[in-house]
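Everything on this sheet refers to the single structure shown next.
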Amino acid sequence: MTASTTMTIRLDPQLKAKLGRLANGTRRSRSFLAAEAVEAYVDRELAIIEGIERGLADVEAGRTVSHEDAMASVRQAIEDAAGGTA
22 MTASTTMTIR LDPQLKAKLG RLANGTRRSR SFLAAEAVEA YVDRELAIIE
72 GIERGLADVE AGRTVSHEDA MASVRQAIED AAGGTA
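Here the sequence shown is numbered in my numbering, starting from 22 and rising by one per residue.
Set out below in structure tokens:
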């Protein structure tokens, strides 16, 4: 079993009730479901932040494409996919 720690959070009573219904329906504890939800949220938000940081590093390093060049590539890909009849 992995180590864990306890954290107290405040929930709206309606949200707590919904969490309870979900726990009953899935036969999981409210704590388990809340931990899963927090983990998913944190992972998603960190991925967004890391993507932004990579993008900023690309800008600083000059690894960018102009809007016009990007759109030309998109238009060409659409034309190629349509068999050259776009």
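For each residue, glycine too, the CB sits at the ideal point set by N, CA and C. Every value quoted in this text rests on a predicted model; they were computed, and no experiment measured them.
G10 in three-state terms, based on DSSP: There is simply no residue 10 to check, as the chain begins at 22 and stops at 107 in what is shown.
Pick helix, strand or coil for I30, following the three-state DSSP scheme. Along the sequence shown, read from residue 1 onward, the residue named residue 30 stands at position 9. I30 falls in the coil class under three-state DSSP.
Reference F53, options G104, P34 and T26, closest by Cα: Position 32 of the sequence shown, counting from 1, holds the residue named residue 53. With distances taken between Cα atoms, F53 lies closest to T26.
Once DSSP output is grouped into helix, strand and coil, what is the label at G41? In the sequence shown, counting from the first residue as 1, residue 41 sits at position 20. In the structure shown, G41 adopts helical secondary structure according to DSSP, grouped into three states.
Rounding to the nearest angstrom, what Cα-Cα distance links M92 and E66 in this structure? For the purposes of this step, residue 92 is taken as residue 71 along the sequence shown, with counting starting at 1. For the purposes of this step, residue 66 is taken as residue 45 along the sequence shown, with counting starting at 1. Rounded to whole angstroms, the gap between the alpha carbons of M92 and E66 is 29 angstroms.
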